[in-house]
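Mature numbering (1 follows the signal peptide of the UniProt record, and there is no 0) puts the sequence shown at residues -19 to -1, 1 to 109.
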Amino acid sequence: MKKALVLALLLGLFAQGQAVQGEALWKRLCAQCHGGRAQGARPYPGLEAAAPLFRTPEGRRYLVLVLLYGKRGEAGLMPGFPQLGDEELAALLNHLMALLKVRAEPFNPEDIKRERGQNLAPDRIQRP
């Protein structure tokens, strides 16, 4: 019982730390274009339409690829962030999920690591 309580406490602290990290990364890297609440800032899009992508394996892979390699869209080129660590990118995606009020499995560093090293051009990233 005591071990379970300690484990639950540690997991809670990890989740809280990841949430703080995700929010800080969002403010620093994303909010200028996508807004503080992912609502968009002209000419860049809001991300409300991305909400369903968090619920499918193909959509989740697409979101990871966009963060790693960037994406060319109507408003221009969104840069990728391959310089960020797997933990940081997972935290950023989890923060976006919270902003959009999506209930889905949280991203973990392994989700990011699986897609690294492909060196995809932003034009090759296609929404499922």
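Using N, Cα and C, we set each Cβ at its ideal position, and we do this for glycine too.
Since this is a predicted model, take the numbers as computed values, not measurements.
If you draw a straight line from the Cα of V47 to the Cα of F62, it is about 9 Å long. Shortest Cα-Cα distance from G57 to any of P24, T37, Q107 involves P24.
When C-alpha distances from R41 are compared across A71, R105, A102, the shortest belongs to A71.
Contact between G51 and M59 holds, since their C-beta atoms are separated by about 5 Å, short of 8 Å. Excluding the 5 residues flanking it on each side, H76 has same chain C-beta neighbours closer than 6 Å at G3, E4, W7, in chain order.
As computed with DSSP, M59 is found in a beta bridge with K52.
Per DSSP, the unbroken alpha helix (DSSP H) holding K94 starts and ends at 90 to 94.
In this structure, E29 and L81 form a Cβ contact; the two beta carbons are roughly 7 Å apart against a cut-off of 8 Å. With contacts defined by Cβ atoms closer than 7 Å, A22 and C11 do not form a contacting pair. Judged by DSSP in its simplified three-state form, A22 adopts strand. Annotation for D67: the continuous alpha helix (DSSP H) segment containing it runs 67 to 80.
One thing to note: F35 has its Cβ within 7 Å of the Cβ of A85.
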